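*Asks:* To start, I am sharing the structure in question, which I have written as structure tokens.
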Amino acid sequence: MSLPEELLRSRLQNEIAACRRSLKVQLDISDEGLANFPINLDVTLLQVPGPVMEGSKIVYRYNHRFRMIISKEYPFEKPLIIWQTQIFHPNIMGPEDGGHLCTRLLSDWNFNSNLLSFIKGIESLLIEPNGTSPFGTDSCTRAAQYFNAQGNKVAPVAKVVKPKVHR
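Per this note's numbering: the sequence shown = residues 23 to 189.
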């Protein structure tokens with residue numbers, strides 16, 4: 023089942039505009055006219071803390087990139103998500119493992135789901151990993167063990183320093 027193309031294009035234009043208005047993201051679209059499917063929507067999350075393993079230490083990176091591949095069957099069919107930046111997370115595979123996401127947002131996807139709520143959900147997942155439901159890769163399992171041992175500590179949020187204005 024799919025929407026008529028004009029309706030699909032209109033819906034996607036509205037959803038992308040809502041994301042640009044409401045989120046701190048950079049969106050790059052493979053086809054700005056939304057005429058040639060599948061559409062690749064490259065999303066760069068800005069100022070969102072996400073864990074990364076550097077050596078034997080967890081650090082937080084604040085910019086993350088993933089690709090959403092949107093088919094003609096959207097919104098009846100969920101987008102395919104491929105994570106593109108390094109990550110140490112129980113629910114997100116690193117790029118070297120395929121970059122897939124394990125989240126309720128995808129398993130519960132339906133016609134009423136939209137890009138804005140999905141991306142907001144990804145931001146929440148980055149800040150508060152779900153260690154009880156990891157992917158089966160080595161890095162995801164290690165991340166689950168780490169976050170389960172840490173309890174419910176929330177990641178440090180980036181502070182935006184406003185410049186002082188001298189008059």
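C-beta: ideal position from N, C-alpha, C; glycine also.
Please read all numbers here as calculations on a predicted model, not as lab measurements.
#1: Rounded C-beta distance between glutamate 145 and leucine 67? I'm assuming under 8 Å.
#2: Which term fits glutamate 118, buried or exposed, when burial requires 16 or more other beta carbons within 10 angstroms of its beta carbon?
#3: Taking 8 Å as the threshold (C-beta atoms), are tryptophan 105 and phenylalanine 88 in contact?
#4: What separation, rounded to the nearest whole angstrom, lies between the Cα atoms of asparagine 152 and leucine 138?
#5: Alpha carbon to alpha carbon, how far is leucine 30 from threonine 159?
#6: Which ranges would you report for the beta strand (DSSP E) in the segment 90 to 131 if only whole runs of at least 3 residues count?
#7: For glycine 143, which of helix, strand or coil comes out of DSSP?
#8: If you compare alpha carbons, which of Phe169, Pro60 and Lys142 is closest to serine 44?
#9: Please report how far the alpha carbon of glutamine 48 lies from the alpha carbon of glutamine 172, in whole angstroms.
#10: Tell me the rounded alpha-carbon separation between histidine 86 and cysteine 162.
#11: Taking its Cβ as the centre, do 16 or more other Cβ atoms sit within 10 Å of alanine 166, making it buried, or is it exposed?
*Replies:* Looking at the atomic coordinates:
#1: As a working mapping, residue 145 is identified with position 123 in the sequence shown. As a working mapping, residue 67 is identified with position 45 in the sequence shown. With a Cβ gap of about 6 Å, glutamate 145 and leucine 67 count as contacting.
#2: Position 96 of the sequence shown, counted from the first residue, corresponds to residue 118. The residue is exposed, with fewer than 16 neighbouring Cβ atoms inside 10 Å.
#3: Position 66 of the sequence shown, counted from the first residue, corresponds to residue 88. Position 83 of the sequence shown, counted from the first residue, corresponds to residue 105. Closer than 8 Å, so yes.
#4: Residue 152 sits at position 130 when you count from the first residue of the sequence shown. Residue 138 sits at position 116 when you count from the first residue of the sequence shown. Cα to Cα, the separation comes out at about 21 Å.
#5: Stepping through the sequence shown from its first residue, residue 30 is reached at position 8. Stepping through the sequence shown from its first residue, residue 159 is reached at position 137. Straight-line Cα distance between these residues: approximately 36 Å.
#6: 102 to 105
#7: Position 121 of the sequence shown, counted from the start, is the residue given in the question as residue 143. Note: glycine 143 maps to helix in three-state DSSP.
#8: Against the sequence shown, residue 44 aligns to sequence position 22. Checked all of Phe169, Pro60 and Lys142; the closest Cα to serine 44 is Lys142.
#9: Taking the sequence shown and counting its residues from 1, one reaches residue 48 at position 26. Taking the sequence shown and counting its residues from 1, one reaches residue 172 at position 150. If I take the Cα positions, the gap works out to 31 Å.
#10: Position 64 of the sequence shown holds residue 86. Position 140 of the sequence shown holds residue 162. Their backbone Cα atoms lie some 17 Å apart in a straight line.
#11: In the sequence shown, counting from the first residue as 1, residue 166 sits at position 144. Answer is buried; the Cβ neighbour count reaches 16.
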